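For reference, the structure is listed below as structure tokens.
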Amino acid sequence: PYVNTKDILEKASKEGYAVPALNINNLEFLHAIIDAGIEENAPIIIETSEGAIKYAGNGDIRRGAQLFVSMVRAFANTVPVPVALHLDHGKHFNIIMEAIKAGYSSVMIDASEYPFEKNLEETKKIVEIAHSVGVSVEAELGRLVGIEDNVVVAEHEAVLVDPNEAKEFVENTGVDFLAPAIGTSHGAFKFKGEAKLDFDRLKKVKELTGIPLVLHGASSVPEDIVKLAESYGANFKGAKGVPSDILKKAVKFGINKVNTDTDLRMAYVAGLREFLTNNPGEFDPRKYFKTAKEYVKEVIKARMRLLGCSNKA
Ligand SMILES: O=C(COP(=O)(O)O)N(O)CCCOP(=O)(O)O
Ligand SMILES: [Zn+2]
């Protein structure tokens, strides 16, 4: 069934596990996600960025939002696990409104680039509108930047979440779930040195807010997938993600939604390169996307098991 993201995350927060939030830009990744959720009997959170909505609508925002809602609802209404659709990194008021009108389960208002007060104002405005029509809201505090050992503490203070601000922010905005910046960043090149997250900060945010928390930039960039893609011509030199043990620790300290996009993209391109190299005569898209979808599904199933949401549907 098609559900509200908040229902999935409240249960996860209460029972101390996390659910991957899986980005899509097309139909094939949706297939892989749905199959993974069914096979793991796990709740499914699908998310689309503003770029994905523009891509799917071929430039038209309303068309893209409506297309994703109809695609996801068509699958959600026919599978035995709960499925939610979330707008990821909503930065533009008009796009957030189109997502709400189209029928998204939840939206993120990402005003984290602004000073605290403006972020709070923008978030409060979206919460009022979204809540009036039963849509839940995610917001972000702090910036998504990898924290390096040799960076002076002051810089960390400037970019990572301030737990006391988080408490004030949640109380004043009524936001349903929060993304506290604790040292991750988007993409495949997250850390120059060893992967480090600020767990003390995370623990304090959870204690002070008590709401479901979100980890952005949480892909692990699995070694085997990188090697496979590189054996078929990819060049992902220097790729490094969040190791599994660090992810598990983040869940222990209160993370409940784990944004995962890069790992899906890497698995897909590895499968595609492998298939195309080994099947030079194939040109049927129902065939040459199969391996790619399979690898994405396996990456998602492993992540569902790691985060503890398998059999939690
Ligand atoms: O946090 C993440 C993904 O983190 P990851 O790169 O570690 O998978 N996300 O919110 C996904 C952001 C995708 O945005 P875009 O479609 O513009 O590229
Ligand atoms: Zn993100």
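Counting in the working numbering, the sequence shown tops out at residue 300, every number present. Beta carbons: idealized from backbone N, C-alpha and C, even for Gly. The model shown is predicted, which means the values in this text are computed figures rather than measured ones.
Check                                                                                                                                                                         : Outcome
Enumerate in chain order the residues of its own chain whose CB-to-CB distance from residue 130 is below 7 Å, with the five nearest sequence positions on each side excluded. : 99, 146 and 168
Applying the criterion that 16 or more other CB atoms from any shown protein chain within 10 Å of the CB defines a buried residue, is residue 119 buried or exposed?          : exposed
Tell me whether residue -4 counts as near ligand 2, meaning its Cβ is closer than 8 Å to at least one heavy atom of that ligand.                                              : no
Taking only the alpha-carbon atoms, compute the straight-line gap between residue 109 and residue 122 and give it to the nearest angstrom.                                    : 16 Å
Note the first and the last residue of the continuous beta strand (DSSP E) segment covering residue 245.                                                                      : 242 to 247
For residue 51, count neighbouring C-beta atoms within 10 Å of its own C-beta (all shown protein chains included) and say buried if the count is 16 or more, exposed if not.  : buried
Whose CA, out of -4, 58, -12 and 97, lies closest to the CA of residue 294?                                                                                                   : -4
Going by DSSP, what residue range makes up the beta strand (DSSP E) through residue 10?                                                                                       : 6 to 10
Less than 8 Å separating the Cβ of residue 175 from some heavy atom of ligand 1?                                                                                              : yes
How long is the line joining the alpha carbons of residue 175 and residue 227, rounded to whole angstroms?                                                                    : 6 Å
Which runs of the alpha helix (DSSP H) at least 4 residues long sit entirely within the region 116 to 191? Give them in chain order.                                          : 140 to 146 and 150 to 160
With which residues is residue 77 paired in a DSSP beta bridge?                                                                                                               : 96
Helix, strand or coil, according to DSSP, for residue 70 in the structure here?                                                                                               : strand
DSSP on residue 210, reduced to helix/strand/coil?                                                                                                                            : helix
Exposed or buried, which one is residue 206 when buried takes at least 16 other CB atoms within 10 Å?                                                                         : buried
Go ahead and pull the three-state DSSP assignment for residue -11.                                                                                                            : strand
What did DSSP end up calling residue 33 once you bin it into helix, strand or coil?                                                                                           : strand
If you measure from the CB of residue 37, is any heavy atom of ligand 1 nearer than 8 Å?                                                                                      : yes
Would you tell me roughly how many angstroms separate the C-alpha atoms of residue 33 and residue 297, rounded to the nearest one?                                            : 16 Å
Quick one, which of 81, 97 and 236 has its alpha-carbon nearest residue 187's?                                                                                                : 236
So what does residue 200 bridge to, in DSSP terms?                                                                                                                            : 165 and 242
My output table needs one value for residue 224: the three-state DSSP class, helix, strand or coil.                                                                           : coil
Let's test the definition: count the other Cβ atoms within 10 Å of the Cβ of residue 14 and tell me whether it reaches 16, buried, or not, exposed.                           : exposed
Taking buried to mean at least 16 other C-beta atoms within 10 Å of its own C-beta, is residue 292 buried or exposed?                                                         : exposed
Given a threshold of 16 other Cβ atoms within 10 Å of its Cβ, counted over all protein chains shown, does residue 81 qualify as buried or as exposed?                         : exposed
May I ask whether a heavy atom of ligand 2 can be found less than 8 Å away from the beta carbon of residue 129?                                                               : no
Under 8 Å from any heavy atom of ligand 1, does the C-beta of residue 12 make it?                                                                                             : yes
On the premise that residue 0 lies in contact with residue 150, defined as a C-beta separation below 8 Å, what is that separation, rounded to the nearest angstrom?           : Their Cβ separation, rounded to whole angstroms, is 17 Å, which puts residue 150 and residue 0 out of contact at 8 Å.
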